[in-house]
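Shown next, in structure tokens, is the structure this report addresses.
Protein chains in written order, with the numbering used here: chain A, 1 to 446; chain B, 1 to 468.
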């Protein structure tokens with residue numbers, strides 16, 4: 001007899017979005033407790049939270065709410081560990097978030113943070129890093145077996161419901177770095193493994209994404225805050241940032257020309273949305289019209305256009321350009337094992353191995369309903385992960401239709417388009433208390 | 001099928017009156033629904049009524065300062081008795097919307113009158129501008145060439161962007177505004193929509209129609225609203241914008257600063273403490289040192305610029321841990337302007353502290369997340385901003401070595417023992433600090449001394465001269 005969790009995670013091979021919801025929900029409740037009982041004794045941070053909240057078992061979805069972690073947990077290491085090269089302490093920190101012992105990993109030859117990341121990867125623990133607003137990186141661990149399952153999800157559900165053949169026939173263009181410890185970049189590798197012609201991979205930048213480089217940004221901020229940065233070094237840093245942006249634009253010119261030359265072939269285009277927008281400008285300038293790419297082309301993008309200097313309808317324009325190809329339009333976040341793909345009715349569907357929890361603004365009360373549309377803060381328990389606890393609370397404001405069926409006809413709740421974020425901007429509370437962050441400006445601004 | 005609404009959209013808005021050049025406006029027409037907090041409604045804004053024409057002298061220009069002292073002292077007396085109930089009414093509204101618990105608001109409101117005492121008013125005028133004569137008239141000064149000059153601290157036209165995290169800011173703005181004889185538009189913050197108006201109503205009750213009363217207006221609009229601020233923030237109407245903190249506020253106000261319109265920034269700040277090894281001497285009661293430190297940490301439940309967030313301590317781990325244990329107990333005590341149970345620890349801090357708990361012996365944590373307060377002991381300052389009764393005790397080899405953690409955003413440094421202040425003050429001031437006090441004495445400040453690096457009343461005035 002398969003466990004509830006296995007029954008759900010087996011759906012990574014197919015059929016995920018056609019399961020009767022009542023059954024899925026029942027399996028999710030059981031699987032959540034299976035996973036909790038498995039992981040609690042093994043993950044220090046989860047055990048501590050469970051003890052504080054007095055949670056011994058997950059009997060209902062409500063019991064998961066106190067066991068959610070935000071992005072913050074994955075960047076909660078003291079920066080001084082990195083600055084002072086205390087890699088053994090960084091290992092200890094990461095160990096509090098993981099169920100498998102990692103303290104045996106030899107970090108004695110690690111010289112910088114990139115070495116540390118590589119050292120862990122060689123030992124079977126992949127880290128996805130992402131830089132937050134402060135320039136400080138989060139590190140989300142993914143084990144080899146978790147990654148294998150994520151690879152399967154990419155193969156099964158890319159561009160769902162209209163999925164392309166995983167026949168490795170396409171010329172891949174990544175509108176960003178081709179290597180580095182980031183979820184988006186690893187996703188490119190996973191897409192490549194299923195859909196791209198081996199060896200036919202083209203990256204905007206061949207330089208791997210470097211955490212040490214991202215950390216320089218944070219270090220510069222600190223130096224400014226402490227008053228130790230000289231005006232020359234600040235000016236040099238700002239110039240370097242501008243030069244890098246300029247180099248990226250030139251690289252984009254080159255990659256756009258290459259895409260244009262190969263436009264009749266099946267392509268695989270990946271990258272952040274804003275890069276797709278810049279690419280679109282260049283291809284249009286060369287005379288390309290909407291919907292003229294090879295129909296076997298796959299387009300994958302992720303993330304939002306927040307803060308980018310682009311027109312309001314940039315996403316629509318980009319999607320019109322990609323008419324007639326396989327385009328992957330998901331709602332998701334880098335911490336989750338799978339995006340929530342978009343159906344014909346324009347709604348996002350929740351994979352059965354991810355429990356969706358809609359909470360109030362404060363993230364304390366579960367609002368999941370039996371029917372109707374409810375608005376709230378998105379939280380999840382990703383049942384797929386075994387290398388860390390998959391309980392995640394986000395800052396996203398969602399509207400979920402808890403009706404038995406989506407307008408597309410498939411069972412289960414669906415997320416409506418128009419996802420925004422909870423922010424405190426505009427509250428107009430004025431206070432005399434603030435930090436040095438308010439005194440820092442320029443290229444290093446948060 | 002209909003969307004469930006956020007509970008805040010269902011509540012009846014609280015009415016926020018405006019006070020316009022001596023007149024109270026209570027008829028509300030505009031409703032605001034803050035993302036966090038209670039919805040409120042305000043009177044419609046008549047922009048023309050929010051400015052005073054430069055064609056007319058400021059109403060109080062010719063009122064002797066002595067008479068203004070009398071009005072302020074009488075206002076203080078009535079604030080103390082509150083026989084009209086204006087303060088009580090404001091307090092009830094505040095209690096619904098303020099993040100501060102009722103006992104703290106009660107204490108603050110109960111003591112507002114103290115800011116209106118004559119000795120304090122006179123001290124401020126004497127110390128900041130050298131006496132009432134230079135506000136009342138033209139002070140003669142003999143120049144090196146033997147010719148005379150006449151200097152006056154002239155009535156300024158000011159917009160005050162008032163901070164709302166403590167009610168005292170509204171009172172201080174009104175007291176200094178009255179002493180300046182100028183005209184004053186107080187832009188209310190959403191976290192204190194009531195105190196300024198209640199004080200002005202009280203002043204209007206003791207001196208109906210008085211020129212000083214006509215010199216004040218209070219109004220709310222959403223901070224940063226270009227339609228309003230672009231019309232008002234002009235040198236044709238105002239000399240200076242006095243902004244009390246908040247990065248967003250100061251950045252927003254900055255857009256309008258140009259020739260003729262100056263920014264007086266009471267910049268957003270943070271504060272720290274320093275505890276010397278003397279705290280562990282045999283004859284010293286460590287508990288008392290911890291209590292003094294806790295006083296400085298917990299003011300307004302750690303929501304003000306003056307509240308300490310980091311304590312740098314000369315100690316070994318065992319000594320520091322003893323201090324931390326005492327401190328944690330002292331965070332959980334009711335004080336005049338702190339409650340034993342304060343706000344819950346913010347979720348993002350809690351997540352970071354949870355991890356530190358697992359990082360012993362590098363870190364140790366005392367206290368709890370339900371408002372009792374949290375103490376974190378470490379050898380490096382934590383990377384987050386301690387808030388909501390969270391304090392980081394950082395072991396340092398010497399207090400001098402900890403000066404590097406002070407910077408231009410550091411307001412107050414509380415030092416134990418007091419005798420160590422002198423060895424640190426030059427270095428601290430050099431790093432950007434503007435106030436050095438004995439540990440536990442952060443609330444013993446008074447007007448008439450520098451604040452945020454300048455003399456506030458002196459800086460609010462327009463300094464003009466006539467030369468022979």
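A virtual CB, placed ideally from N, CA and C, is assigned to each residue, including glycine.
Just so it is clear, the structure is predicted and the values come from calculations on it, not from any experiment.
Could you please tell me which residues of the stretch 264–278 of chain B, in chain order, have their CB closer than 9 Å to any CB of chain A?
-> 266, 267, 268, 269, 270, 271
Could you tell me which chain B residues have their CB closer than 7 Å to the CB of residue 226 of chain A, listed as they occur along the chain?
-> By Cβ distance, chain B contributes 404, 407.
Given a threshold of 16 other Cβ atoms within 10 Å of its Cβ, counted over all protein chains shown, does residue 477 of chain A qualify as buried or as exposed?
-> Not covered by the structure: residue 477 of chain A. The range shown for chain A is 1 to 446.
Output the residue ranges of the alpha helix (DSSP H) runs that lie fully inside the stretch 266–308 of chain A and measure 4 residues or longer, sorted by chain position.
-> 273–285
Under the rule that 16 or more other beta-carbon atoms within 10 Å means buried, what is residue 8 of chain A, buried or exposed?
-> buried
Taking Cβ positions only, does residue 79 of chain A come closer than 7 Å to chain B?
-> yes
Look up residue 9 of chain A in the DSSP assignment and give the residues it is bridged to.
-> BP columns for residue 9 of chain A are empty, so no partner.
Can you name the residues of chain A whose CB is closer than 8 Å to the CB of residue 245 of chain B?
-> Here the neighbours are 430, 431, 432, 433, 434.
Would you kindly check if the distance between the Cβ of residue 355 of chain B and the Cβ of residue 367 of chain B is under 7 Å?
-> no
Return the residue from the list A:422, A:434, A:433, A:432 that minimises the CA-CA distance to residue 36 of chain B.
-> A:422
Would you mind reading off the limits of the beta strand (DSSP E) that contains residue 187 of chain A?
-> Element bounds for residue 187 of chain A: not the beta strand (DSSP E) but the alpha helix (DSSP H), 183–195.
Would you mind telling me which residues of chain A sit closer than 8 Å to residue 357 of chain B, beta carbon to beta carbon, in chain order?
-> In chain order: 48.
Residue burial classification, residue 104 of chain A (beta-carbon count within 10 angstroms, cutoff 16) | exposed
Excluding the 5 residues preceding and the 5 following residue 425 of chain A in the sequence, name in chain order all residues of the same chain whose CB lies nearer than 8 Å to its CB.
-> Residue confidence is low: residue 425 of chain A scores 49 on pLDDT, short of 50, so the model does not pin down where it sits. Its coordinate-derived value is still stated next. Excluding sequence neighbours, residue 425 of chain A sits near nothing in its chain.
Cβ-based neighbour list, residue 475 of chain B, same chain, cut-off 6 Å, excluding 5 preceding and 5 following | One cannot answer for residue 475 of chain B here, as it falls past the ends of chain B, which runs 1 to 468.
Since I believe residue 159 of chain A is in contact with residue 326 of chain A (beta carbons under 8 Å), could you give me their beta-carbon distance rounded to a whole number of angstroms?
-> 4 Å between Cβ atoms; contact.
Closer than 8 Å by beta-carbon distance: list the chain A residues that pair up with residue 435 of chain B, in chain order.
-> Per Cβ cutoff of 8 Å: no residues; residue 435 of chain B is ~13 Å from chain A at best.
DSSP three-state call for residue 1 of chain A: helix, strand or coil?
-> coil
Tell whether a beta-carbon distance below 7 Å holds between residue 279 of chain A and residue 256 of chain A.
-> yes
Of the residues that make up the stretch 188–205 of chain B, which ones have a beta carbon closer than 7 Å to any beta carbon in chain A?
-> Contact annotation: in the stretch 188–205 of chain B, residues whose CB is within less than 7 Å of a CB in chain A are 189, 190, 191.
Presumed contact (8 Å Cβ cut-off) between residue 153 of chain A and residue 12 of chain A, rounded CB distance | 5 Å
Residues near residue 316 of chain B by beta carbon distance below 8 Å, same chain, minus five either side | 395, listed in sequence order.
Status (buried if at least 16 other CB within 10 Å, exposed otherwise) for residue 96 of chain B = exposed
Would you mind reading off the limits of the beta strand (DSSP E) that contains residue 458 of chain B?
-> Counting along the chain, residue 458 of chain B falls outside any beta strand (DSSP E), though it belongs to the alpha helix (DSSP H) covering 456–460.
Answer with buried or exposed for residue 239 of chain B, where buried requires no fewer than 16 other C-beta atoms within 10 angstroms of its C-beta.
-> Classification for residue 239 of chain B: buried.
Could one say the Cβ of residue 199 of chain A lies closer than 7 Å to chain B's Cβ atoms, at least one of them?
-> no
First through last residue of the beta strand (DSSP E) which encompasses residue 238 of chain B = That residue, residue 238 of chain B, is in no beta strand (DSSP E); it is neither H nor E in DSSP.
Closest by CA to residue 258 of chain B, which one among B:269, B:248, B:236?
-> The shortest C-alpha separation from residue 258 of chain B is found at B:236.
Could one say the Cβ of residue 316 of chain B lies closer than 7 Å to chain A's Cβ atoms, at least one of them?
-> Not one chain A Cβ lies under 7 Å of residue 316 of chain B.
Considering only the beta carbon of each residue, do residue 322 of chain A and residue 299 of chain A sit closer than 7 Å?
-> yes
When you compare only the Cα positions, how much space is there between residue 3 of chain B and residue 430 of chain B?
-> Because the pLDDT at residue 3 of chain B is just 41, under 50, the model does not fix this residue reliably, and the value given afterwards should be weighed accordingly. Taking the straight line from one Cα to the other gives about 57 Å.
Closer than 6 Å by C-beta to residue 136 of chain A: which residues in its own chain qualify, once you throw out the five before and the five after it? Chain order, please.
-> Within the same chain, residue 136 of chain A has close Cβ partners 75, 218.
Where does residue 118 of chain A sit, in a helix, a strand or coil, going by DSSP?
-> Residue state, collapsed to three classes: helix.
Cβ of residue 335 of chain A within 6 Å of any heavy atom in the ligand NAP?
-> Ligands in the displayed structure: none, and consequently the ligand NAP is not present.
Residues of the stretch 69–94 of chain A whose Cβ lies closer than 8 Å to any Cβ of chain B, in chain order | Residues of the stretch 69–94 of chain A that bring their beta carbon within less than 8 Å of a beta carbon in chain B comprise 69, 70, 72, 73, 76, 77, 78, 79, 80, 89, 92, 93, in sequence order.
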